[in-house]
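Here the sequence shown stands for residues 1 to 265, where the numbers follow my numbering.
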Amino acid sequence: MSTSIKLIEKFRRLTLIQKELKAEIACRKKAESNKDELITIAGHELKTPLTIIKGYLHLLENSSSEKLIKNTRMYIARTLVQIEKLELLVTDLLDTSKIETGNLSLIRQTVNFDLLVQTVIESFRLVHPTHRIGLTGKCRSNICGDKIRLEQVIINYLTNAVKYSPDSVKIEVTVSETAGVIEFSVKDSGIGISADKQALLFHKFYRVEDPTHRFHGLGMGLYISAEIIHHQGGDVGVISEEGKGSVFYFRLPVFVNAKLKVLHR
Ligand code: ADP
């Protein structure tokens, strides 16, 4: 090979390496800016409940003994609601990181799905007395899945139903089983979601724009829920109309044994 051909070949390879390096740098910059954005949003979301908790503790600290007797229970109850919010946020952050690194662990166990739904709803009703949560249907089958993770998805759907329907108290949970597939759904009559936004709902960090700033969140709950259900061989979805309400559902095969994908146990 002549010297000039060798030089051209070297130049071509260098140009290729330079292109790859540029792409890598752009990719890292994007990841860095996503991280910064996440830290800003997470910081803001974590700060809100902390500020409220601080406010109630100050109120307790400065209350006269007469007021203290009257209001302590109420302040403690409100503080607990904020602590629950903090717990959910931190869990979501940790789970997202586990998903990213392939460390979300799922356990195989036999789950009495009807009992699980009933138990979750009963405790949910206690914490959210503002809404009326009804339950219809049964699946009757045990399924093979991860109980704690399924509970997490059910709680996420219910929490969203309550959060995004501040002006309507009725929430309907339905469980059914058809041809070896369990369907679980939560219907609310809240703000709903326009058709063009629905495809993005289960994406990481996606939140429908909220110019009123009424609804807080990280946009992780549905993403994590979808990951959990997909890894147990199921699927998730939504039917919704803006201003009318939403139905969030997931479906799981009863005989999930063969499909259950267990990540890093
Ligand atoms: P977060 O509620 O923390 O923002 P999620 O991942 O749970 O995160 O939900 C993503 C987005 O989907 C929410 O920001 C909201 O815009 C929309 N959403 C979820 N559930 C409902 C619901 N029941 N009604 C209306 N919008 C919803």
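Ideal Cβ positions, reconstructed from N, Cα and C, are used throughout, including at glycine. In this text, all values refer to a predicted model and were calculated from it rather than measured experimentally.
Distances from the alpha-carbon of Asp92 to those of Glu24, Leu222 and Pro253 put Leu222 closest. At least one heavy atom of the ligand ADP is found less than 7 Å from the C-beta of Met220. Three or more beta-carbon pairs drawn from the region 125-144 and the region 105-116 are found closer than 8 Å, and the two stretches are therefore classed as touching. Take Lys98, set aside five residues on each side of it, and the residues of its chain with a beta-carbon closer than 6 Å to its own are Leu104, in chain order. For the alpha helix (DSSP H) assignment, the uninterrupted runs of no fewer than 4 residues enclosed by the region 178-256 are, from N- to C-terminal side, 195-198 and 221-230. Between Val238 and Gln198, the beta carbon gap of about 6 Å places them in contact (Cβ cut-off 8 Å).
Judged by their CB atoms, Gly180 and Ser246 are not nearer to each other than the 8 Å cut-off. In the DSSP assignment, Cys27 forms no beta bridge with any residue. Beta-bridge partners of Lys170 (DSSP): Arg132. Check the Cα spacing between Val236 and each of Tyr249, Ile224 and Ile228: the tightest is with Tyr249.
Excluding its 5 nearest sequence neighbours in each direction, Pro253 has C-beta neighbours in its own chain below 7 Å: Gly180, Val181, Gly233, Gly234 and Lys259, listed in chain order.
Looking from the CA of Tyr75, the closest CA among His58, Val90 and Leu89 belongs to His58. A distance below 7 Å between beta-carbons, with the five flanking residues on each side excluded, links Lys85 to the following residues of its chain, in chain order: Pro49.
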